[in-house]
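In this note's numbering, the protein residues as written are 49 to 254.
Beta carbons: idealized from backbone N, C-alpha and C, even for Gly.
Report on one structure; see the data block that follows.
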Amino acid sequence: MLAKPGLALTCHIHFGQRVDRPVPAPGDRAGRRRPEREDRLVNPSTSTIDTAHFRYVLGHFATGVTTVTALDPASHRPVGLTVNSFASVSLRPPLVSFCVSRDSGSWPVMRTADRLCVNILGVEQRAVCERMAAPRVDRFQGLDWELSPGGAPVLAGVVAWVEGAVEAEHDAGDHVIVVLRVHHLHGQPDGQPLLFLGGRYGRFTH
C-alpha cells in the first residue's frame, strides 16, 4: 500500500514467538553479495556464502505467506504448497512469480495443471500455512475451498488470490523460479495478511 503524496503511512507490526519453521532456504529470495570484509559471509577457501548466515540475514526481510494450489490433472484432487517468495513481476503482461524447492514432491504434479492459484493467507490462517508445508499429510483435509474461474482451488478465508497459468520456469540453484501469467484475481477490501519475519508470524496493527 502506498501513501498519498504528502502523507505519512504509519503502522505497527506485532510478531509472536519465533517458530521452528526455518526462514526460506537459499534461492527463495535473491540477495546482493556483501563486501568480502564480512568474514562470516565468505569462506576464503571455497568462496561460498555461509548458508546459516545467509538465512539469518534474509530473515530480516518481512514477507507475506501464500499457498499455491492446483488440481492434479490425473486424479482431479487438490494439491498445494506453502510459499513466501511470491512477487509481482510485470503489469503488461500481468505476471507474478514464486520459488519452489527442487525437492518439492508437489510441484511435479502442480506444474502440469492448466491453472494455479496463489492464495494470500490471512492473519488467522497460520495453521493453513503450516499444514500446507507439512510432509506426508492430506493438506486439504478439513479445509473449505472452491474453484477459481480457471479451475484452481481458492481457499476459504484468504485475503486475496491470484490465478494464472505457468508462463516460464527458470533454474535458480536449489530452487526453480516459476512465472505465472495472471488470468483472474481478487482481493478482500479489509483483509489482514499473515506476515513472516525472522522465524515468527505476525500481523499489522494500526
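| field | Where L245 sits in the DSSP three-state scheme | value | Taking the sequence shown and counting its residues from 1, one reaches residue 245 at position 197. Reduced to three states, the DSSP call for L245 is strand.
| said: Within a Cβ cutoff of 8 Å, which residues of the same chain sit near V137, ignoring the five residues on either side of it in sequence? | reply: Stepping through the sequence shown from its first residue, residue 137 is reached at position 89. Excluding residues within five positions, the ones whose Cβ falls inside 8 Å are L143, V144, S145, V227.
| With burial defined as no fewer than 16 other Cβ atoms inside 10 Å of the residue's Cβ, what is the status of S123: buried or exposed? | Residue numbering aside, residue 123 sits at position 75 when the sequence shown is read from its first letter. Classification for S123: exposed.
| said: Check whether the stretch 187-200 and the stretch 155-172 are in contact - that is, three or more C-beta pairs closer than 8 Å. | reply: Using a Cβ-Cβ distance cut-off of 8 Å, the stretch 187-200 and the stretch 155-172 are in contact, since at least three pairs of beta carbons, one from each stretch, lie closer than that value.
| field | Exposed unless 16 or more other CB atoms sit within 10 angstroms - verdict on P201 | value | As a first step, residue 201 must be located in the sequence shown, where it is residue number 153. Looking at its Cβ environment, which holds 16 or more other Cβ atoms inside 10 Å, P201 is buried.
| Tell me, which residues are paired with C147 by DSSP? | Translated into positions along the sequence shown, residue 147 becomes position 99. According to DSSP, which records beta bridges pairwise, C147 is partnered with I225.
| request: Evaluate the contact criterion for the stretch 241-251 versus the stretch 213-233: three or more CB pairs, one atom per stretch, below 8 Å. | output: no
| request: Tell me T130's beta-bridge partners as DSSP assigns them. | output: Counted from its first residue, the sequence shown places residue 130 at position 82. Residue pairing by DSSP places T130 opposite T115 in a beta bridge.
| Hey, how far is the Cα of T253 from the Cα of A175? | As a first step, residue 253 is located in the sequence shown; it is residue number 205 there, counting from the start. As a first step, residue 175 is located in the sequence shown; it is residue number 127 there, counting from the start. Our two residues, T253 and A175, have alpha carbons roughly 20 Å apart in a direct line.
| request: Would you kindly check if the distance between the Cβ of A208 and the Cβ of G250 is under 7 Å? | output: Residue numbering aside, residue 250 sits at position 202 when the sequence shown is read from its first letter. Residue numbering aside, residue 208 sits at position 160 when the sequence shown is read from its first letter. No, Cβ-Cβ distance for G250 and A208 is not below 7 Å.
| said: Would V207 pass as an interface residue toward chain D - the criterion being a Cβ-Cβ separation below 7 Å? | reply: Chain labels in this structure do not include chain D; a single protein chain is all it has.
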